[in-house]
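For the record, the sequence lines run as chains P and V. Going by the numbering used here, the first sequence opens with residue 198, and the numbers climb by one from there. Going by the numbering used here, the second sequence opens with residue 2, and the numbers climb by one from there.
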Amino acid sequence: MNKILYVLDNNQSSEYQYNIVEDTIIFHFSINSSSKVKINLLTEGVQLYYYYSNINYSNHEFSIDIRHMKSNTHSEVINHGVNVFNKKLKYSVNGIVEKDCSGCICNQENEIINMDDGKSEICPNLIIDNYDVVANHGAYIGKFPFDKIFYLMSRGITRDEANRLLLHGFLIESDSIDVNRISQFLDEIQKI
Amino acid sequence: MLVIKDLSCSVKDSDYSILDHFSLTINDGEIHVIMGPNGVGKSTLSKVIMGHYQYEIHSGDILLDKESILNLDVDERSRKGLFLCMQDPTVIDGVSNSEFLRTAKNSITSKKVNLYTFIKELEDGMKDLSLDENMIHRSLNKGFSGGEKKKNEILQMKILKPKMIILDELDSGLDVDSLKIVCDNINSYLKENRTASLLIITHYPRILEYIKPNFVHILKDGKIVKTGDYQLALEIEKNGYHGINDISGDDVSE
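Here is the structure:
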């Protein structure tokens, strides 16, 4: 990737707009914040990887629009959130491919782990106005699957430590992340 | 020593009974095999011993070194020395193999392991199992072939040093060469740890060509119906489970 961006929201509401003209990875970390993100893919063949990692303690929303405005553009959006308390968390994720943009790939994967009985909601939308497009979306809301907890615990790891490992892996999934740049977010994971 | 006494269990919140007054004693250093057709409760037995939440115990007990483990959580059973080599090891995205193993080793030994010693042990184990050294930095079991997953289970066994090992369908997903490597590692482990015991759950006697058992048991309808030696496994391979009453071995009465 030509360009890697790191963004951190910490107890704030933010709006971002990105015009993507070269291959880009954006790592967006969010602690108890609401964010609106608009992204335009403006150069033919350009690729965007967007990783959103979110720790939530109160009522918040995250929305992201990825607009494919040129042919053969490629977007992968991976949104992972942890809703810690009994609060509302909503993700609206919109992949948009315009009519004259063919050969695009527009994928999104969304997961929210409820640590308590929070009300989480994911709205995954694909608005595709061209027949020659690959587009996928997935959404999961729930606890960590017990088979993962069981596997870790069957190796002597306590339930708390198993949860900590899973949280870390879930929120810091990409191997490309430079952990030295996200120390504040890593500290926050330890508090969950 | 593992003693299972008169154990009956079912799937939680259902009437579906799986083990029915099941009893088995495995002394230190012994190798036992459980064979049986599909759906008789072989894998369930391994999960019940390990403490999986999915099953409800109705009667009986499980004792490890004369202490009941029924009230212990999964991790506590593991720290007591139980190890389940799973039929289909779980993929855990984002958690590297090395981080997982080091955390597990710290938990089992109740102390922070020396990094140099740990890395050396890991490298030696991977070399013994012909595992690619890069796999240790990859997410746990993610993108691993069937063979790599099983070798990774045995790597964990070598690092965590359990005293009671359950192998659930170890040979599934392993080619002939990999099966030999894995079994050689298990045999070396048993040689180095003379009191360690083994419970092998399998459909086929192929694995028993490499690991010689003391006892072979046939499981049917949730209980052991016949016990014998290696010869019993060979007869099952030859005649199938249908002719179970016609083959050698001791019938087990209730």
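We put the beta carbon where it would ideally sit given N, CA and C, even for glycine.
Next on the checklist: Check for me: the beta strand (DSSP E) holding residue 195/V runs from which residue to which?
Outcome noted: Segment: none, residue 195/V is in no beta strand (DSSP E) and carries neither H nor E.
Next on the checklist: Between which two residues does the alpha helix (DSSP H) holding residue 117/V run?
Outcome noted: 116-129
Checklist entry - Who are residue 228/V's beta bridge partners in DSSP? => result 218/V and 251/V
Next on the checklist: Would residue 27/V and residue 46/V be called neighbours here (beta carbons separated by less than 8 angstroms)?
Outcome noted: no
Checklist entry - Looking at C-alpha atoms only, which residue of 333/P, 252/P, 379/P and 300/P is the closest neighbour of residue 282/P? => result 252/P
Checklist entry - Taking Cβ-Cβ distances shorter than 9 angstroms, what residues in chain P pair up with residue 91/V? => result 342, 344, 345, 347, 348 and 349
Checklist entry - In chain P, which residues lie with their C-beta within 7 angstroms of the C-beta of residue 197/V? => result Ordered by position in chain P, no residue passes the 7 angstroms Cβ test against residue 197/V, which lies about 16 angstroms from the chain.
Item to check | Through-space distance from residue 352/P to residue 98/V, alpha-carbon basis | outcome: 12 angstroms
Checklist entry - Taking contact to mean at least 3 C-beta pairs separated by less than 8 angstroms, is the stretch 9-16 of chain V in contact with the stretch 364-381 of chain P? => result no
Checklist entry - Taking the alpha carbon of residue 224/V as the point to measure from, which residue in 137/V, 43/V, 171/V and 127/V has its own alpha carbon closest? => result 43/V
Checklist entry - Rounded to a whole number of angstroms, what is the C-alpha to C-alpha distance between residue 100/V and residue 143/V? => result 14 angstroms
Item to check | C-alpha distance - residue 217/V paired with residue 165/V, whole-angstrom precision | outcome: 17 angstroms
Checklist entry - Which same chain residues, not among the five before or five after residue 48/V, have their C-beta less than 8 angstroms away from its C-beta? => result 55, 56 and 85
Checklist entry - Do residue 111/V and residue 355/P have their C-beta atoms closer together than 8 angstroms? => result no
Next on the checklist: Any beta carbon of chain P sitting closer than 8 angstroms to that of residue 255/V?
Outcome noted: Note that residue 255/V scores 46 on pLDDT, short of 50, meaning its location in the model is unreliable; the coordinates nonetheless yield the value given after this. Chain P contact via Cβ: absent.
Checklist entry - Span of the alpha helix (DSSP H) holding residue 100/V? => result 98-110
Item to check | Same chain, Cβ closer than 6 angstroms to residue 213/P, five either side skipped, listed in chain order | outcome: 234
Checklist entry - For the stretch 229-241 of chain P, which residues have a beta carbon sitting closer than 8 angstroms to at least one beta carbon of chain V? => result none
Item to check | Spatial distance of residue 168/V from residue 200/V (CA atoms) | outcome: 6 angstroms
Item to check | For residue 297/P, the nearest candidate out of 268/P, 287/P and 305/P (CA to CA) | outcome: 268/P
Next on the checklist: Just to check my reading of the structure: residue 239/P and residue 272/P have Cβ atoms closer than 8 angstroms, yes? What is that Cβ distance to the nearest angstrom?
Outcome noted: Going by Cβ atoms, the distance from residue 239/P to residue 272/P rounds to 12 angstroms, so no, they are not a contact pair.
Item to check | residue 54/V at chain P interface by Cβ criterion, 8 angstroms | outcome: yes
Checklist entry - For residue 265/P, does the three-state DSSP call read helix, strand or coil? => result strand
Item to check | Simplified DSSP state of residue 55/V, which is helix, strand or coil | outcome: coil
Next on the checklist: Pull the bridge partners of residue 165/V from the DSSP assignment, please.
Outcome noted: 83/V and 198/V
Item to check | Minimum C-alpha distance to residue 52/V - residue among 68/V, 77/V and 38/V | outcome: 77/V
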